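**Q** Protein chains in written order, with my numbering: chain A, 1 to 350; chain B, 1 to 254; chain C, 1 to 76.
Idealized CB from N, CA, C, for every residue including glycine.
If you're wondering where the values come from, they're calculated on a predicted model, not measured in any experiment.
Quick one: the structure is below, questions incoming.
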């Protein structure tokens, strides 16, 4: 099944019945699938007039207590950032998919990882974070999307699925989880559903008093700390005996994994550390790896973004080498294993 | 003696933060009265804007969800699609609905979204301190049109309601004022009709209310009302602009 | 018809809409200020003169932005 379709079907099975979006390549297969599938299960699909409108429809549906999602690609996500900041401030759950493409500006439609900073630093204005999940396979597109709705509801926070055109277009077999009964999802007493049998309430992010606003900010920070403690995900592949560990996520991690296998065939002890949650970044697990490994090779499909988190995590205790291909260029595993081999095992590690 | 006029229950008993003679104050009460008289308190959901009415949730005793500047119609769309049997209304100023939120509003109308927009037009940005609004009339002095608005330099007053009436999805659009007892009665009638048409599922509804902003017009409250009645109405004529429930000949006045 | 009004002086902001709206000139802006600092509306002392007093028509309350006026009317 195609990656974009996997995300859409997984969302639906997680209880998502509302989708609001605006077309942009390379993720159009996702809204197309939703427009056909949602009405079959009593859901609603709306093609909005813009990304800005669609993210605000998401806010409205989320306020009303529904599981809701939108999807877009880099330039469209920039437009959605206003609403994502509001989701953060309003403490509303929602799932947002970014099938990244080359940028900045209009860029191109080729696979890229150029929105790492935007995704992991909040992206919009104000002190907030979004949970960022980076799938690297068809099955993970499914599992992480399904999980994203639970995380969003549990923490009342927006969750981003960060993938790229490659992940969205790729066809892979997948095993779907069961279709959730929407009626049995956890209740949301905070939602605005009409003041029936209770006092009226409101949802707002405007807090004029600086003292109260600060308290709201600290409350959000405590929530983010809780998430950072409980929700870190990563994959460690052949790192136990490694002399060098490649750090990569998403599509880049797939390429890196194949490169690791090639390098191992050549007798080089290379491993892979793959963050699955980009925020919270798996800092401690990476530090654990760094107790055994001195050399890290960060590979990204951008000009160097996650490498900063790796450097922060390792705080100068290890060698961190960066190799990036921005602009939608996707190198093959041979290129990566060649660079690892030449640059490191021949020169640096020697 | 019998009490014949008092505060509606759907309006919380707290003093407004609005300036003396502000049209928002009057319109809040009108909307609250209609909600109470229709008995829809339990299904009403309001969407306040960014602007002077940003704190509207402090006053209306119904569920409310705050929208970003201009995004009211989009947010209300999301709410209404999840809760199709509820009464969903936005409350937006001229800058909110007719400048930054034009696209959201036009397309909500075009989709025939079953929501009601309460559009407060006072020809000026109130909260930010009296800048030129999309509905500032020609020649009107504001803090960003110090020599008076000039059409082919600053743009012309935008007749959003007439624009929306052209969309096939809009069902009812009326322009009223709150500058006199008669205007207030007409406004109340219009809001009620818009709500009823929404609940019947006939399409998008909007009531544009010409409203005095004495502070930013730099007039006394009564002078501000007279300015609305004599100057503003030349650009924004009062009356029903579209009503799909009216007999054939009166369907679209334009 | 006889009526009467009750003005909540603490909420009045002195906009004078009620003064203008009253067909019988029953209301005026008084000389005292309330806690918010506004000269507030009061019922004139001689408001009921010449049999032209408050009729409970509600126009003042309809025009009051602050919902500060309650209107009462004699039951018949």
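What in chain C is Cβ-close to residue 29 of chain B, meaning under 7 Å?
**A** Residues of chain C passing the Cβ test: 67.
**Q** Please report whether the beta-carbon of residue 111 of chain B lies at a distance below 7 Å from any beta-carbon of chain C.
**A** So no, residue 111 of chain B is outside the interface.
**Q** Just reading off the beta strand (DSSP E) that residue 178 of chain A is part of, what are its end residues?
**A** From DSSP, residue 178 of chain A is part of no beta strand (DSSP E); its letter is neither H nor E.
**Q** Taking the alpha-carbon positions, what's the residue 214 of chain B to residue 221 of chain B distance?
**A** Taking the straight line from one Cα to the other gives about 5 Å.
**Q** When the distance is taken between beta carbons, is residue 173 of chain B closer than 7 Å to residue 206 of chain B?
**A** Result yes, Cβ atoms of residue 206 of chain B and residue 173 of chain B sit closer than 7 Å.
**Q** Going by C-alpha distance, which of A:127, A:261 and A:264 is nearest residue 216 of chain A?
**A** Ranking A:127, A:261 and A:264 by Cα distance to residue 216 of chain A puts A:127 first.
**Q** Does the distance from the C-beta atom of residue 163 of chain A to that of residue 99 of chain A stay below 7 Å?
**A** Against a cut-off of 7 Å, the Cβ pair of residue 99 of chain A and residue 163 of chain A comes out as a contact.
**Q** Would a check of beta-carbon distances place residue 35 of chain C closer than 7 Å to chain B?
**A** False, the Cβ-Cβ gap to chain B never drops below 7 Å.
**Q** Are residue 161 of chain A and residue 133 of chain A touching if we call contact CB-CB under 7 Å?
**A** Their beta carbons are under 7 Å apart, which means residue 161 of chain A touches residue 133 of chain A by this criterion.
**Q** Whole angstroms is fine: what's the gap from residue 176 of chain A's alpha carbon to residue 196 of chain A's?
**A** C-alpha separation (whole angstroms): 37 Å.
**Q** Starting from residue 163 of chain B, trace the beta strand (DSSP E) in both directions and tell me its first and last residue.
**A** Taken as a continuous stretch (DSSP letters only), residue 163 of chain B belongs to no beta strand (DSSP E), being part of the alpha helix (DSSP H) at 160 to 166.
**Q** Would you tell me roughly how many angstroms separate the C-alpha atoms of residue 171 of chain B and residue 204 of chain B, rounded to the nearest one?
**A** Near 5 Å, if we compare the C-alpha coordinates of residue 204 of chain B and residue 171 of chain B.
**Q** Specify, as a first and last residue, the run of the beta strand (DSSP E) that residue 30 of chain C falls within.
**A** First-last of the beta strand (DSSP E) with residue 30 of chain C: 27 to 33.
**Q** Am I right that residue 66 of chain A and residue 33 of chain A are in contact with their C-beta atoms under 8 Å? What's the rounded C-beta distance?
**A** Contact flag wrong, Cβ pair sits at about 19 Å.
**Q** Quick one: what does DSSP say residue 162 of chain A is sitting in, helix, strand or coil?
**A** Looking at residue 162 of chain A - three-state DSSP - the assignment turns out to be strand.
**Q** Which chain C residues sit within Cβ distance under 8 Å of residue 5 of chain B?
**A** Near residue 5 of chain B (Cβ distances below 8 Å), the residues of chain C are 58, 61, 62, 69, 70 and 71.
**Q** In terms of residues, what are the limits of the beta strand (DSSP E) holding residue 77 of chain C?
**A** Because chain C in this structure spans residues 1 to 76, residue 77 of chain C falls outside the shown range and cannot be described.
**Q** Contact check, residue 274 of chain A vs residue 249 of chain A under 8 Å by CB: the rounded distance?
**A** So it is a contact: roughly 6 Å between Cβ atoms.
**Q** Please state if the CB of residue 75 of chain C and the CB of residue 2 of chain B are separated by a distance shorter than 7 Å.
**A** Yes; because the gap between Cβ atoms is below 7 Å, this pair is in contact.
**Q** For the pair the stretch 15 to 31 of chain B and the stretch 52 to 61 of chain B, tell me if three or more CB-CB distances fall below 8 Å.
**A** Verdict: yes, contact present.
**Q** Identify each residue in the stretch 82 to 103 of chain B for which the Cβ-Cβ distance to at least one residue of chain A is less than 7 Å, and report them in chain order.
**A** Listed by position, the residues of the stretch 82 to 103 of chain B near chain A (Cβ gap below 7 Å) are 82, 83, 86 and 103.
**Q** Enumerate in chain order the residues of its own chain whose CB-to-CB distance from residue 1 of chain C is below 6 Å, with the five nearest sequence positions on each side excluded.
**A** Result list for residue 1 of chain C: 55, in chain order.
**Q** For the alpha helix (DSSP H) containing residue 58 of chain A, list its first residue and its last residue.
**A** It spans 51 to 63 - the alpha helix (DSSP H) in which residue 58 of chain A sits, taken as one unbroken run.
**Q** Is the stretch 188 to 199 of chain B touching the stretch 105 to 125 of chain B in the sense that three or more CB pairs, one from each, lie closer than 8 Å?
**A** Because the criterion of three Cβ pairs below 8 Å is met, the stretch 105 to 125 of chain B and the stretch 188 to 199 of chain B touch.
**Q** Excluding five sequence neighbours on each side, which residues of the same chain lie with their C-beta closer than 8 Å to the C-beta of residue 51 of chain B?
**A** Within the same chain, residue 51 of chain B has close Cβ partners 69, 92, 93, 95, 96, 125, 126 and 127.
**Q** Within the continuous beta strand (DSSP E) that includes residue 18 of chain A, where are the two ends?
**A** Residue 18 of chain A -> beta strand (DSSP E) spans 18 to 21.
**Q** Can you tell which of A:340, A:183, A:130 and A:316 has its C-alpha closest to the C-alpha of residue 152 of chain A?
**A** For residue 152 of chain A, the nearest C-alpha among the options comes from A:130.
**Q** For residue 336 of chain A and residue 259 of chain A, which I take to be in contact (beta-carbon distance under 8 Å), what is that distance rounded to the nearest angstrom?
**A** That belief holds up - the Cβ atoms of residue 336 of chain A and residue 259 of chain A are roughly 4 Å apart, short of 8 Å.
**Q** In chain order, what residues of the same chain have a beta carbon less than 8 Å from the beta carbon of residue 36 of chain B, not counting five sequence neighbours either side?
**A** Closer than 8 Å at Cβ, skipping near neighbours: 8, 9 and 10.
**Q** Given a cut-off of 7 Å, decide if residue 112 of chain A and residue 301 of chain A are closer than it, judged by their beta-carbon atoms.
**A** Yes, the Cβ-Cβ distance between residue 301 of chain A and residue 112 of chain A is below 7 Å.
**Q** Could you pull out every unbroken alpha helix (DSSP H) segment of at least 4 residues lying fully inside the stretch 181 to 228 of chain A, listed in chain order?
**A** Counting whole runs of 4 or more residues, the stretch 181 to 228 of chain A contains no alpha helix (DSSP H) stretch at all.
**Q** Under 7 Å, CB to CB, which of the residues in the stretch 4 to 21 of chain C have a partner in chain B?
**A** Cβ contacts with chain B come from 4, 11, 13, 14, 15, 16, 17, 20 and 21.
**Q** Just the C-alpha distance for residue 308 of chain A and residue 188 of chain B, rounded to the nearest angstrom, thanks.
**A** Spanning the two alpha carbons is a distance of roughly 59 Å.
**Q** Going by the CB atoms, is the gap between residue 5 of chain B and residue 68 of chain C shorter than 7 Å?
**A** Going by C-beta atoms, residue 68 of chain C is not nearer than 7 Å to residue 5 of chain B.
**Q** Buried or exposed, going by whether 16 or more other CB atoms sit within 10 Å of the CB of residue 279 of chain A?
**A** By the 10 Å Cβ count, residue 279 of chain A comes out buried.
**Q** Could you check if residue 75 of chain B is buried or exposed, using at least 16 other CB atoms within 10 Å of its CB as the buried criterion?
**A** When all chains shown are included, residue 75 of chain B counts as buried.
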